Amino acid sequence: MNMSIRTTATIAIGLASAFLSAETRWDMATPYVDATHHTQNIIQFAQDLNDATDGEFEIVVHSGASLVKHTEIARSVRSELVPIGEVFIGIMGNSDPIYKLDNIPFLATDFDQAKALYAASKSTLEAKLDKEGLMLLFSVPWPPQGIYSKEPVTNIDSFKGAKLRAYSSTLSRLAVLLEASPTTVQTVEIPQAFSTGIVDMMITSPTTGVSSQSWDYVSHYTDVQAWIPKNMVVVNKRAFKRLDKDLQTALLEAAEKAELRGWAMAEEETISKTAELAANGMTVSEPTAELKTALQAVGETMAQEWLEEAGAEGKKVLDSY
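Here the sequence shown is numbered in the numbering used here, starting from 2 and rising by one per residue.
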């Protein structure tokens with residue numbers, strides 16, 4: 002190779018290296034399968050960011066807890082093992098009561114109420130995350146939660162002695178108040194848990210019911226619309242601050258779009274996935290007045306317990322709600 006060719010090759014390699022170093026690639030840990038609206042929304046969020054930055058900022062979405070187990074995602078983002086991740090807010094309930102708020106039964110049972118509760122609690126939620134080195138990008142709800150069972154659930158006695166799936170500390174407490182046995186089972190483990198007898202009832206969204214093909218192991222869905230929990234996408238603060246200003250702006254703008262889109266998707270999911278449960282042979286029914294009254298009473302107990310745990314800070318949030 003003569004000198005001019007060698008020099009040209011060296012420059013080309015240098016330019017290529019500079020170009021590659023200018024690109025930002027983040028791996029993102031998410032807990033749910035691609036079929037859920039949360040993951041679909043996040044995939045679109047990553048695409049929006051890629052498009053807005055002409056490929057300079059790439060987020061690679063690892064769905065279905067394939068990169069990090071759900072229970073470890075928040076900790077992994079905090080320690081910057083991954084810079085960004087999605088978590089079910091209630092799964093962090095043991096660290097602070099603010100994370101339990103949207104899991105309290107019958108506190109917010111429709112999307113207007115859920116939006117109002119989110120608005121009332123968002124600044125407190127952001128402050129808690131900030132202390133942990135995390136930053137909230139956006140939050141998206143699940144459809145309202147209903148009861149999945151093998152037999153019809155007409156009153157609260159149906160829960161006594163049942164093995165009830167729990168996915169958060171709040172739901173574990175609910176199981177105890179219902180005189181059921183709480184069993185921690187993450188979403189990807191639901192079919193196996195039912196088939197092996199680890200659980201025999203669950204309270205979850207139509208989305209999860211469809212994605213886990215609940216009709217294979219239960220036959221009844223009681224649409225109690227007990228609460229509307231949310232997921233949140235968080236980013237490591239140090240990782241965010243290292244981004245160029247234009248990339249920070251692009252990330253925040255993509256997050257804002259994702260939050261608006263995600264809430265709309267959740268409302269659509271509520272209708273379409275409930276219909277899909279019925280289309281696959283499940284008996285979908287409204288709760289009896291007796292069941293609804295009894296569950297509301299349990300919800301009032303849990304709300305009072307939450308206020309005692311959260312103190313003045315929690316009272317301020319609920320007062321503003």
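Virtual Cβ for every residue (Gly too), placed ideally from N, Cα, C. Please read all numbers here as calculations on a predicted model, not as lab measurements.
- In the three-state DSSP reduction, residue 322 falls in the coil class, being neither helix nor strand.
- The alpha carbon of residue 162 has as its nearest neighbour, out of 202, 192 and 187, the alpha carbon of 202.
- The way I'd put it, the stretch 202 to 221 doesn't touch the stretch 231 to 250; fewer than three beta-carbon pairs between them come closer than 8 Å.
- Taking the Cβ atoms as the reference, residue 164 lies roughly 5 Å from residue 200, within the contact range of under 8 Å.
- The C-alpha of residue 83 lies about 26 Å from the C-alpha of residue 167.
- Taken in chain order, the complete beta strand (DSSP E) segments of 3 or more residues contained in the stretch 20 to 97 are 25 to 30, 58 to 63 and 85 to 89.
- For residue 147, the uninterrupted beta strand (DSSP E) run begins and ends at 147 to 150, by DSSP.
- Burial check for residue 261: the Cβ neighbour count within 10 Å stays below 16, so the residue is exposed.
- Under the 8 Å Cβ criterion, the stretch 97 to 111 does not count as touching the stretch 33 to 46, having fewer than three qualifying pairs.
- For residue 77 and residue 69, the gap between their C-alpha atoms comes out near 8 Å.
- Distance from residue 81 to residue 248 at the Cβ level is roughly 17 Å; contact not present, criterion being Cβ atoms closer than 8 Å.
- For residue 222, the enclosing beta strand (DSSP E) has its first and last residue at 221 to 223.
- CA-to-CA, the gap between residue 207 and residue 148 works out to about 10 Å.
- With fewer than three CB-CB distances shorter than 8 Å, the stretch 127 to 136 does not count as touching the stretch 248 to 258.
- Secondary structure note for residue 272: its alpha helix (DSSP H) is the uninterrupted segment 246 to 280.
- In the three-state scheme derived from DSSP, where H, G and I count as helix and E and B as strand, residue 283 is classed as coil.
- The beta carbon of residue 177 sits closer than 7 Å to those of 183, all from its chain and outside the five residues before and after it, given in chain order.
- The beta-bridge partner set that DSSP reports for residue 183 consists of 165.
- In the DSSP assignment, residue 204 falls outside any alpha helix (DSSP H) and within the unbroken beta strand (DSSP E) covering 202 to 205.
- Selection 104, 224, 67 and 102 evaluated against residue 286 yields 224 as nearest (Cα-Cα).
- Across the set 146, 62 and 296, the C-alpha of 146 shows the shortest separation from the C-alpha of residue 268.
- Secondary structure at residue 189: helix, using DSSP grouped into helix, strand and coil.
- Counting only residues of its own chain and dropping the five nearest sequence neighbours on each side, residue 174 has a CB closer than 7 Å to the CB of 303.
- A Cβ-Cβ separation of about 4 Å places residue 171 in contact with residue 104 under the 8 Å criterion.
- By the Cβ neighbour-count rule, residue 158 is exposed, with fewer than 16 other Cβ atoms within 10 Å of its own.
- By the CB criterion at 8 Å, residue 87 and residue 59 fall outside the cutoff.
- By the Cβ neighbour-count rule, residue 61 is exposed, with fewer than 16 other Cβ atoms within 10 Å of its own.
- Going by C-alpha positions, residue 115 is about 31 Å away from residue 27.
- The shortest CA-to-CA distance from residue 48 to any of 32, 265 and 258 is the one to 258.
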